[in-house]
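Novice:
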């Protein structure tokens, strides 16, 4: 290696800002093979971490299959990291940057497996309040729910409504829904964002939402 | 399976997710965001906060990354 050894005796890659991963992983590096092996160790650690976090979504899968899934995610992440290596600008630690690829791959694969045999439904309506309740029986929260239910039909396009309901009521993971609809995560999130904006605008217009709430939100986030 | 109450669904449908950030942009920034948060838990990034509030998948992945990097830091 061109730098001090990065691995501990246990073979775990410790984090650190003083690495030369990009140089070591370049195609003409004399230590590329060793760096690739170390990178794979690091990615496998991240993918196993993520599979552990999400294993409740795969109750019927045994430990060996879960580890196979982690290995597959680490392998795919290695390809992604090498493909994007030139875009690493050192704004974070290399290890943090690399981990995110393995976490993404593992997450997507777990969600895909969890929904492999499940039908994805695209409901067009949602019931948020008891249809038999009289106006006098409705709480403040129920009034808001009724207004949201109404705005879902009047303010949203059918596509926005179905995407919002699939993601937020049916809890279909966004990447699974993207696969089934032949689109991508970005497009679905934009649809959801626009749907929320329209709903909020409709609720402000009907007096169910305080327009200053948006500004309060922005301040609390900053 | 997660059972969502009507109140939770309403909160989720009406969440304020501005300023807008795409999932790809979130992925591009999440490593920097996590490192910054570990240095300063009060680190402010309104667009990241808004996106993570509104996107369950990106939130799960960001939380996982934060947990993993934090665990490295105490090794």
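Chains as they are written, first to last, in the numbering used here: chain A, 585 to 806; chain B, 4 to 78. Note that the Cβ used here is the ideal one computed from N, Cα and C, for glycine as well.
Buried or exposed, going by whether 16 or more other CB atoms sit within 10 Å of the CB of residue 741 (chain A)?
Specialist: The sequence position of residue 741 (chain A) within the first chain is 157, counting from 1. With fewer than 16 Cβ atoms within 10 Å of its Cβ, residue 741 (chain A) is classed as exposed.
Novice: Hey, how far is the Cα of residue 26 (chain B) from the Cα of residue 751 (chain A)?
Specialist: Along the second chain, read from residue 1 onward, the residue named residue 26 (chain B) stands at position 23. Along the first chain, read from residue 1 onward, the residue named residue 751 (chain A) stands at position 167. Straight-line Cα distance between these residues: approximately 15 angstroms.
Novice: Determine the direct distance from the alpha carbon of residue 645 (chain A) to that of residue 759 (chain A), and round the result to whole angstroms.
Specialist: Residue numbering aside, residue 759 (chain A) sits at position 175 when the first chain is read from its first letter. Residue numbering aside, residue 645 (chain A) sits at position 61 when the first chain is read from its first letter. Each residue's Cα considered, the two are about 21 angstroms apart.
Novice: Compare the C-beta of residue 77 (chain B) with all C-beta atoms of chain A and state if any pair is closer than 8 angstroms.
Specialist: On the second chain, residue 77 (chain B) is found 74 positions in, with the first residue counted as 1. No - not a single Cβ of chain A is within 8 angstroms of the one on residue 77 (chain B).
Novice: Can you give, in chain order, each stretch of the alpha helix (DSSP H) that sits fully within the region 660-725 of chain A and has at least 4 residues?
Specialist: 678-698
Novice: Got a sec? Which residues, its chain only, sit under 7 angstroms from residue 606 (chain A) by beta carbon, not counting five neighbours each side?
Specialist: By 1-based counting over the first chain, the position of residue 606 (chain A) is 22. Excluding residues within five positions, the ones whose Cβ falls inside 7 angstroms are 669, 672.
Novice: Count the other C-beta atoms from every protein chain shown that fall within 10 angstroms of the C-beta of residue 738 (chain A), then say buried if there are 16 or more, exposed otherwise.
Specialist: Here residue 738 (chain A) refers to the residue found at position 154 when the first chain is read from its first residue. That one is exposed.
Novice: Buried or exposed for residue 21 (chain B), going by 16 or more other Cβ atoms inside 10 Å?
Specialist: For the purposes of this step, residue 21 (chain B) is taken as the residue at position 18 of the second chain. So residue 21 (chain B) ends up on the buried side.
Novice: Using the beta-carbon count (16 or more within 10 Å), is residue 598 (chain A) buried or exposed?
Specialist: Along the first chain, read from residue 1 onward, the residue named residue 598 (chain A) stands at position 14. Reliability of the predicted coordinates at residue 598 (chain A) is poor, the pLDDT of 45 falling under 50, and the value obtained from them is presented with this limitation in mind. Exposed, because fewer than 16 other Cβ atoms sit within 10 Å of the Cβ of residue 598 (chain A).
Novice: Are there 16 or more other CB atoms within 10 angstroms of the CB of residue 780 (chain A), so buried, or fewer, so exposed?
Specialist: As a working note, residue 780 (chain A) is residue 196 in the first chain. Buried, since its Cβ has 16 or more Cβ neighbours within 10 Å.
Novice: Can you check whether the CB of residue 631 (chain A) is closer than 8 angstroms to the CB of residue 654 (chain A)?
Specialist: Taking the first residue of the first chain as position 1, residue 654 (chain A) is located at position 70. Taking the first residue of the first chain as position 1, residue 631 (chain A) is located at position 47. The answer is yes: Cβ separation under 8 angstroms.
Novice: Would you tell me roughly how many angstroms separate the C-alpha atoms of residue 661 (chain A) and residue 685 (chain A), rounded to the nearest one?
Specialist: The residue you call residue 661 (chain A) lines up with position 77 of the first chain. The residue you call residue 685 (chain A) lines up with position 101 of the first chain. Computed Cα separation, rounded: 5 angstroms.
Novice: Residue 756 (chain A) lies in the alpha helix (DSSP H); which residues open and close that run?
Specialist: By 1-based counting over the first chain, the position of residue 756 (chain A) is 172. First-last for residue 756 (chain A): undefined, no H or E at that position.
Novice: Which of the three DSSP states is assigned to residue 33 (chain B) in this structure?
Specialist: Here residue 33 (chain B) refers to the residue found at position 30 of the second chain. In the structure shown, residue 33 (chain B) sits in a helix (DSSP, three-state: H, G or I).
Novice: For residue 634 (chain A), which residues in chain B fall below 7 angstroms Cβ to Cβ?
Specialist: As a position in the first chain, residue 634 (chain A) is number 50, starting the count at 1. By Cβ distance, chain B contributes 67.
Novice: Which of the three DSSP states is assigned to residue 617 (chain A) in this structure?
Specialist: By 1-based counting over the first chain, the position of residue 617 (chain A) is 33. DSSP places residue 617 (chain A) in helix when its eight states are reduced to three.
Novice: Going by other Cβ atoms of all chains shown within 10 Å of its Cβ, with 16 needed for buried, is residue 42 (chain B) buried or exposed?
Specialist: Translated into positions along the second chain, residue 42 (chain B) becomes position 39. Exposed: under 16 other Cβ atoms inside 10 Å.
Novice: Would you call the CB atoms of residue 55 (chain B) and residue 65 (chain B) closer than 8 angstroms?
Specialist: Locating residue 55 (chain B) in the second chain gives position 52, counting from the first residue. Locating residue 65 (chain B) in the second chain gives position 62, counting from the first residue. Contact flag set, yes.
Novice: My output table needs one value for residue 58 (chain B): the three-state DSSP class, helix, strand or coil.
Specialist: By one-based count along the second chain, residue 58 (chain B) stands at place 55. In this structure, residue 58 (chain B) counts as coil in the three-state DSSP scheme.
Novice: Candidates A:651, A:626, A:666, A:795: which alpha carbon is nearest residue 693 (chain A)'s?
Specialist: In the first chain, the residue the question calls residue 693 (chain A) occupies position 109. Checked all of A:651, A:626, A:666, A:795; the closest Cα to residue 693 (chain A) is A:651.
Novice: So, at 6 angstroms on beta carbons, what are the nonlocal neighbours of residue 756 (chain A) in its own chain, with the 5 sequence-adjacent residues on each side left out?
Specialist: Locating residue 756 (chain A) in the first chain gives position 172, counting from the first residue. Cβ neighbours of residue 756 (chain A) beyond the five flanking positions: 704, 750.
Novice: Taking C-alpha atoms, which residue in A:617, A:784, A:718, A:765 lies nearest to residue 743 (chain A)?
Specialist: Within the first chain, numbered from 1, the residue matching residue 743 (chain A) stands at position 159. Ranking the options by Cα distance to residue 743 (chain A), first place goes to A:765.
Novice: In whole angstroms, what separates the C-alpha of residue 2 (chain B) from that of residue 19 (chain B)?
Specialist: One cannot answer for residue 2 (chain B) here, as it falls past the ends of chain B, which runs 4 to 78.
Novice: On the DSSP letters alone, give me the boundaries of the alpha helix (DSSP H) that residue 777 (chain A) sits inside.
Specialist: What you label residue 777 (chain A) is simply residue 193 of the first chain in a count that begins at 1. Unbroken alpha helix (DSSP H) run through residue 777 (chain A): 769-789.
Novice: Counting only Cβ pairs nearer than 7 angstroms, list the residues of chain A close to residue 45 (chain B).
Specialist: Start at 1 with the first residue of the second chain, and residue 45 (chain B) comes out as number 42. By Cβ distance, chain A contributes nothing, its closest Cβ being about 11 angstroms from residue 45 (chain B), past 7 angstroms.
Novice: Using CA coordinates, which residue listed in B:8, B:40, B:30, B:12 is at the minimum distance from residue 73 (chain B)?
Specialist: If you number the second chain from 1, residue 73 (chain B) lands on position 70. Here the closest residue by C-alpha is B:40.
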